[in-house]
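Protein chains: 2
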Amino acid sequence: MESRIDRIKKQLHSQSYKLTPQREATVRVLLENEEDHLSAEDVYLLVKEKSPEIGLATVYRTLELLAELKIVDKINFGDGVSRFDLRQEGAAHFHHHLVCIECGAVDEIQEDLLGDVEEVVETNWNFKIKDHRLTFHGICYRCQKQDQAEQPEIETANRS
Amino acid sequence: MESRIDRIKKQLHSQSYKLTPQREATVRVLLENEEDHLSAEDVYLLVKEKSPEIGLATVYRTLELLAELKIVDKINFGDGVSRFDLRQEGAAHFHHHLVCIECGAVDEIQEDLLGDVEEVVETNWNFKIKDHRLTFHGICYRCQKQDQAEQPEIETANRS
DNA sequence: TGTCAAACTAAAATAATTATCAATAGTACT
DNA sequence: AGTACTATTGATAATTATTTTAGTTTGACA
């Protein structure tokens, strides 16, 4: 955990940026909430709990900076806010997302599913891929289970 | 073209919405610019050319409605504005996008590249997929060509 | 210690989108 | 045709997310 911060520090230094206390606080929040997909506002509120004097603009600037250095990914699920996600260390590409249209949960897929697809795109469309975003919208396993429990008659009803 | 409008009209009627002149004007703009990925503002300006009395809010409302009925797709490339795209008729899935990080151009891929991937996701993650978004970020063929023309020495320089 | 640039906070500005609300158009019924 | 009703619209205010600005603080280095 600490080592993770150290490495981020080095990444910043290598581009002659500094890991200021505010930036460190922001990174820590991201580390502590790696599972979630926090919006800038979310990050701001969490950072504020530990460092109340921090400004929203600083959080925005820090996230922007981290995104530029590819330490975090800025993603957009179409709900109007940008979300920020720490990159897996050493991951060459972006992970994918499963967005549940019932409960809004966002799960991650770390595996790279697009190897073959990328090859096709690079050769067929002559496009040099640098990054990708893949998001599935649908119903997560939790909601499927719940739906089944609530409306077990659906299956028979449809059989008419 | 006219038949396309007719079909959209029917789709609206089937949900008891009407194809008002304003809505028709908006749809026409989308049809005439099917290749582009217009923002709400873009659509508004184009609609205004033919029907100057139309209001911005109406365009937003219409686009929202069309998106709800799955007649258009609302996409978000992370540049802060939502873009709107007519669905291919009968297309079960969303088409994919190639966003050039140099010139900003957005090209489309109509083929469905994700058949296999979706199957994997549905079974391995137990996720019922309803829709997907796949966007590649990279360098389009136009910029690749241009880069080559401008800096033909790069290749030899690297060979040192 | 003094200087300078980077980074900070708070507040104002901007951009995109949404909500409000009175006016209008269309429709259904008499 | 006339009235009541509902959907839709345009203008504009409000909201939300984000960026910029202005002035201040901090910390590295001569």
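Which chain is which? The protein sequence lines are V and U, in order.
To convert, count from 1 in the first sequence and add 881; that's the numbering used here.
To convert, count from 1 in the second sequence and add 881; that's the numbering used here.
For each residue, glycine too, the CB sits at the ideal point set by N, CA and C.
Residue i classed as buried or exposed, judged by whether at least 16 other C-beta atoms fall within 10 angstroms
i: U:Gly985; result: exposed
i: U:Thr1004; result: exposed
i: U:His1013; result: buried
i: U:Asp966; result: buried
i: V:Val962; result: exposed
i: V:Thr901; result: exposed
i: U:Gly996; result: exposed
i: V:Arg1040; result: Any reading at V:Arg1040 needs caution, since the residue's pLDDT is 40, under 50, leaving its predicted position unreliable; the model's value is listed next. V:Arg1040 is exposed by the Cβ-count criterion.
i: V:Gly971; result: exposed
i: U:Thr1037; result: Summary for U:Thr1037: the model assigns pLDDT 45, below 50, so the residue's position carries little reliability, and this model does not support an answer.
Selected residue, minimal CA-CA separation from residue i, among the options
i: U:Arg885; options: U:Pro902, U:Leu911, U:Asp1012, U:Tyr941; result: U:Leu911
i: U:Leu950; options: U:Gly961, U:Arg1023, U:Tyr898; result: U:Tyr898
i: U:Glu905; options: U:Asp887, U:Asn914, U:Ala921, U:Arg1023; result: U:Asp887
i: V:Arg942; options: V:Ile990, V:Lys1009, V:Gln903; result: V:Gln903
Beta carbon of residue i nearer than 8 Å to that of residue j
i: V:Phe1017; j: U:Val1002; result: yes
i: U:Arg968; j: U:Leu919; result: no
i: V:Asn1007; j: U:Tyr1022; result: yes
i: V:Ile990; j: V:Glu999; result: no
i: V:Gly959; j: U:Asn957; result: yes
Close-in-space but distant-in-sequence residues of the same chain around residue i (CB under 7 Å, 5 per side omitted)
i: V:Lys955; result: Ala948, Ser963, Phe965
i: V:His894; result: none
i: U:Val940; result: Thr907, Ala921, Val924, Tyr925, Val928
i: U:Asp993; result: His974
i: V:Cys1024; result: Cys981, Glu983, Cys984
i: V:Lys890; result: Leu900
i: U:Glu915; result: Leu967
Proximal residues to residue i (C-beta, below 6 Å), its chain only, five neighbours per side dropped
i: U:Leu1077; result: Beyond the ends of chain U as shown, which are 882 and 1041, falls residue 1077 of chain U; an answer cannot be given.
i: V:Ala1030; result: none
Cut-off 8 Å between Cβ atoms - residues of its own chain near residue i, not counting five sequence neighbours on either side
i: U:Lys929; result: Ile935
i: U:Gln892; result: Leu950, Ile952
i: V:Gln896; result: Leu950
i: U:Glu883; result: none
i: V:Lys1026; result: none
i: V:Gln1032; result: none
Q | Contact between the stretch 934 to 944 of chain U and the stretch 977 to 991 of chain U (3+ Cβ pairs under 8 Å) | A | Taking 8 Å as the limit for Cβ pairs, the verdict is that the stretch 977 to 991 of chain U does not touch the stretch 934 to 944 of chain U.
Handout entry: Sufficient close CB pairs (3 or more, under 8 Å) joining the stretch 937 to 946 of chain U to the stretch 984 to 1002 of chain U
Key = Below 8 Å, too few C-beta pairs join the stretch 937 to 946 of chain U and the stretch 984 to 1002 of chain U to call them touching: fewer than three.
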